[in-house]
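S.K.: Input: one structure, supplied below.
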Amino acid sequence: MAKYIDPKCRLCRREGVKLYLKGARCLSPKCPIEKKGGQVPGQHGKKRARGRISGYGIQLREKQKAKRLYAVLENQFHGYYEQAIKSRGNTAEVLIQLLESRLDNICYRLGFVTSRSFARQLVTHGNVLVDGKRVDVPSFQIKPGMVISLPENAAKFDFVAPNLIEKNAPAKWLSRVGTQGKVDRMPTTDEIGSDIKTNLIIEFYSR
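Going by the UniProt record's numbering, the letters in the sequence shown line up with residues 1 to 207, in that order.
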């Protein structure tokens, strides 16, 4: 399975905002966004001015930001768009719900881990149960009513245990008790809190 393997901090710098791809590091002074601000990565980053961006450029950057936030490659992301436009309801909201209902994202939103990268690792190594069955596919779609839990050994991992002790509150549309969480309903766009302008993404693909 293809995945991005270069430094994650470059992605945040390219978009000019924190995408919180490295957990606690993103909240510390070590974060490159704190050190270098909006400087674009690369040899000529200092010389590259952030001038006026075209409408297409704004839409492209919004699409890239969403892709990188959820760690999804282009073909799969476009597939979510195709699925969204064929669904009933608001296309922009359906798109964000499809991204948010990925198993790796649900593990992150439940507070089991501090980043989606850790969540993806947790899932791919077979350390997540969905309705009592082991699932190792990060893109597995979770539906309301499904229960996500961690086996006893997974709860002891270094990147999981501290989060369980701190009892981080899950997203409003989820509920959690210990190592077991549940999807109560699908989220609304306003509850995501990631400042993703999904309407620009829809406009990008519908050109």
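We put the CB at the ideal spot given by N, CA and C, even for glycine.
(1) Note down, in chain order, each residue of its chain lying with its Cβ closer than 8 Å to the Cβ of His44, except the 5 sequence neighbours on either side.
(2) Quick one: using the 10 Å Cβ neighbour count with 16 as the cut-off for buried, is Ala119 buried or exposed?
(3) Less than 9 Å between the beta carbons of Val123 and Leu110, yes or no?
(4) Assign Arg185 to buried or exposed, taking buried as 16 or more other Cβ atoms, counted over all protein chains shown, within 10 Å of its Cβ.
(5) Do three or more CB pairs link the segment 76 to 83 to the segment 153 to 164 at distances below 8 Å?
(6) Around the C-beta of Glu56, are 16 or more other C-beta atoms found within 10 angstroms, so that it is buried, or is it exposed?
(7) Go ahead and label Lys47 buried or exposed: buried means 16 or more other beta carbons lie within 10 angstroms of its beta carbon, across all protein chains shown.
(8) In the DSSP assignment, what are the bridge partners of Gly181?
(9) Taking Lys133 as the reference, give the member of Asn153, Val183, Ile148, His125 with the closest Cα.
M.R.: Let's see:
(1) Because the pLDDT at His44 is just 46, under 50, the model does not fix this residue reliably, and the point stays unresolved.
(2) buried
(3) no
(4) exposed
(5) no
(6) According to the sequence provided, residue 56 is Tyr. The question's Glu does not apply to it. When all chains shown are included, Tyr56 counts as exposed.
(7) Note that Lys47 has pLDDT 48, beneath the 50 cutoff, so the model's placement of it is unreliable and the number below is only indicative. Exposed: under 16 other Cβ atoms inside 10 Å.
(8) Ile148, Arg176
(9) Ile148
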